Amino acid sequence: PDDRPDRPRFLLHLGDSLGARFTRYGDESDSNDTIQARVTAVVLTLDNDSTKPRSLSYTNISVWTDFRPFDGVEHAVTLYRYAADFIADDTYKPLILGKLGSALQTRFELSGKPTDLDDAIEAYNSAVNMIPEGDPEKTVMLDKLNSAVWRRFVRFGKPNDLASVLGVARWALKLTADDDPDRPERLR
């Protein structure tokens, strides 16, 4: 029934299953149904429900972009912007901002619109600033930020971006333990 309070949870599980089947077999209808199930789950989850942030962070851009890249990215950007505006500064917010940054960066790659890349950098930067020192996710988000700033430098040649790339890379390297398997990659 549509009025069951646990319906959003079931829709998220349905979305997971459809997404897995889409990944395995590539049927476009599974991709569409995955998006529909996840978006419906988010819409049906009450704003005061403590699981809403998880529901919002659960949607994944890859399922949205495989067959209709631009339309999928548009949906992703819309949902992640909504989620970023909705979620208070809690543990899910950096994750949502990172997904928003990825969606915006993907949209930039498809459209070439510079403001998308600027907005992606802003989202990544906000996420980095919200993640506490010592959390391994901080270096992951710094890598995403660095990638976006580097992309902007390559595309538009702004000297300040090159300085930012170097500064972010040094910051990520400083936070990376000597025995971390990702350290050699950060030294490049």
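As numbered in our numbering, residues 5 to 192 make up the sequence shown, in order. C-beta: ideal position from N, C-alpha, C; glycine also. Remember, predicted model here, so these are calculated numbers, not experimental data.
- Assigned with DSSP and collapsed to three states, residue 8 falls in coil, not helix or strand.
- With contacts defined by Cβ atoms closer than 8 Å, residue 44 and residue 23 do not form a contacting pair.
- By the neighbour-count criterion, in which 16 or more other beta carbons inside 10 Å mark a residue as buried, residue 7 falls on the exposed side.
- Of the residues 138, 117, 165 and 162, the one whose Cα lies closest to the Cα of residue 177 is 138.
- Judged by DSSP secondary structure, residue 119 falls within the alpha helix (DSSP H) whose first and last residues are 118 to 134.
- Of the other Cβ atoms in all chains shown, fewer than 16 fall within 10 Å of the Cβ of residue 47; this residue is therefore exposed.
- Closest in C-alpha terms to residue 76, from the list 114, 96 and 101, comes 114.
- When the five nearest sequence neighbours on each side are left out, the beta carbons in the same chain lying within less than 7 Å of the beta carbon of residue 124 are those of 105, 108, 109, 112 and 152, in order along the chain.
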